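Numbering (my numbering), first residue to last: 424 to 850.
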Ligand code: GDP
C-alpha cells in the first residue's frame, strides 16, 4: 500500500514525527520533492535530529530510504547528513537515490544568494539552498540528472554549454566571479564517487515493491500553502508539495496512493514572506513561539524565528482538500495548554464580506481574520494515551476544528516523541 504524509499549512506541521512513527510499519520511505531548504525535526532513542534531505525513515533498520526523482538533490549535504547520523550511533540506513534525480549544483546556491541580495527588501526570504535556481534550470532543461555523471564526455560538453549562459549573468547582472568548467567537472566527479553506490532505477524498484505488496510511505516537505500552483504564489516553494505530486516525484502510478495523511498543527506558524491572515505579534506571538514545537518555533534549517498565528480553519480546510486528505494527524496540541482562551480563525473578511473559501493571493492580502474564541484547558496533556482522557475543553477544540475542516482527525499528537500519540476512532 502507498501512503502519503503531507502538510496542510505552511510547513513545520510535525510531518517528520508522524512519518517516523508510521515508518515503523513501512518497508520503503521516499522523499519526492523539495530539497535541503526545509527540515524535519525528529526525536527518538538515538537523540534529536534535524533532517533536511534524508527521509525520516532512516532510523529504522527494516526500511529502505529513497531520494526520488522529484527531489533537488544536494549530494554533499546528503552525505554529510548520512555521516552525522551514523556518528550518533544510528545503523547505516539502506539508501537509494534515483538515477533521474537532478543535482543542486554549487552555482545554484550562489545564484540563490546573489538574487536575494539583488532583490534586497523585496526578496522571497529564500533559505539560499539553491532550490529556486535548481528548479528553474530543471524546467529550462539545463539541469543535471545523477545519471549524467556517468558519461564524462557528454557531461564536459554540457557543462561548457550551461555555464556560458550562467557566466553572462554573473558578469553583467550580479558582478560576481565567473564559473570555471574544469573546476565544476572535478566537483561533479567527487559527487559521483559519493553517490555511485546508491544510484538506482527507482520507478522500476517501486513497481516491483508494489507488486510484492510492500508498504510505501511518500514523505512530503512543507505544506499545501507553499505549493507553486495551489499555494500563496509567488511566496511558495519551487516544487509541488501535494500528495498527487508524490506519484511523479517518486515514479509510481497515482491510483496506488491509497491513503493521504495530512498533518495539521494545532496553531499556525510560517516561515518566509507572504500573507498570513491569522498571524499574531508582540508578546502573544513570542510566548507561543517560545513554547511551540519542541524547544520553540525556530527554523530547523536556518534557526530563524517562525511567524506565529492562531489556528486557521479557512487555510486548513483548503490545505486538506487540495491534498486529497483521507485522515488528519493533529499535532503539537500539548503546546496550547498554557492559554486561558484560544482564538481560532473561522473566516476571512475581504472587502466587507466574510468568506470561508481560501482565496487567490491578491484577495488573501486584503483578508482580515474572523476569530472565535474557545476556553483553554489549562493542563499539561502530555502522557495521555486515550482520547477520552483529554480534558473536555481540549476535545471540544479538536472536534470543532474537525467539523470546520471537514476531514477526520484520527491521530492527535501530544508531544514530540514517537509514543506521544492518541489514536482516535472517527464515527
Ligand atoms: P515538519 O517539517 O513538518 O516535520 O515539522 P518540524 O520538524 O519543522 O516541526 C515540528 C516540531 O514540533 C519539531 O520540533 C518536533 O519535534 C515537534 N513536534 C512534533 N509533534 C509534536 C507534538 O505533538 N508536540 C510537541 N510539543 N512538539 C511536537
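Note that the Cβ used here is the ideal one computed from N, Cα and C, for glycine as well.
These numbers were taken from a predicted model, which means no experiment stands behind them.
Report the three-state DSSP secondary structure of residue i (helix, strand or coil).
i           : result
residue 507 : helix
residue 549 : coil
residue 682 : strand
residue 613 : helix
residue 688 : strand
residue 654 : coil
residue 804 : coil
residue 530 : helix
residue 630 : helix
residue 722 : coil
residue 774 : coil
residue 841 : coil
Between the C-alpha atoms of residue i and residue j, what's the straight-line distance to the nearest angstrom?
i           : j           : result
residue 773 : residue 780 : 11 Å
residue 627 : residue 670 : 13 Å
residue 746 : residue 683 : 7 Å
residue 645 : residue 726 : 16 Å
residue 822 : residue 761 : 19 Å
residue 709 : residue 776 : 31 Å
residue 463 : residue 508 : 14 Å
residue 522 : residue 547 : 31 Å
residue 595 : residue 538 : 13 Å
residue 609 : residue 460 : 25 Å
residue 550 : residue 657 : 15 Å
State the start and end residues of the unbroken alpha helix (DSSP H) segment that holds residue i.
i           : result
residue 709 : 705–714
residue 565 : Where residue 565 is concerned, there is no enclosing alpha helix (DSSP H), given that its DSSP letter is neither H nor E.
residue 797 : Per DSSP, residue 797 belongs to no alpha helix (DSSP H); it is in the beta strand (DSSP E), 791–798.
residue 580 : 575–592
residue 823 : 815–828
residue 746 : 736–746
residue 668 : 666–673
residue 660 : Note, residue 660: premise wrong, no alpha helix (DSSP H); not H, not E.
Looking only at C-alpha atoms, which of the options sits nearest to residue i?
i           : options               : result
residue 451 : 708, 486 and 832      : 486
residue 797 : 782, 767 and 771      : 767
residue 834 : 845, 825 and 490      : 845
residue 443 : 454, 483 and 455      : 483
residue 516 : 738, 570 and 480      : 480
residue 692 : 469, 677 and 729      : 729
residue 740 : 763, 511, 475 and 778 : 778
residue 792 : 456, 703 and 429      : 703
residue 804 : 818, 567 and 499      : 818
residue 601 : 583, 504 and 614      : 583
residue 458 : 731, 498 and 597      : 498
residue 717 : 769, 688, 544 and 531 : 688
residue 455 : 490, 425, 449 and 434 : 490
residue 795 : 574, 701, 673 and 510 : 701
residue 787 : 675, 811, 809 and 738 : 738
residue 696 : 544, 441 and 470      : 544
For the beta strand (DSSP E) holding residue i, just list the boundary residues, first then last.
i           : result
residue 643 : 639–646
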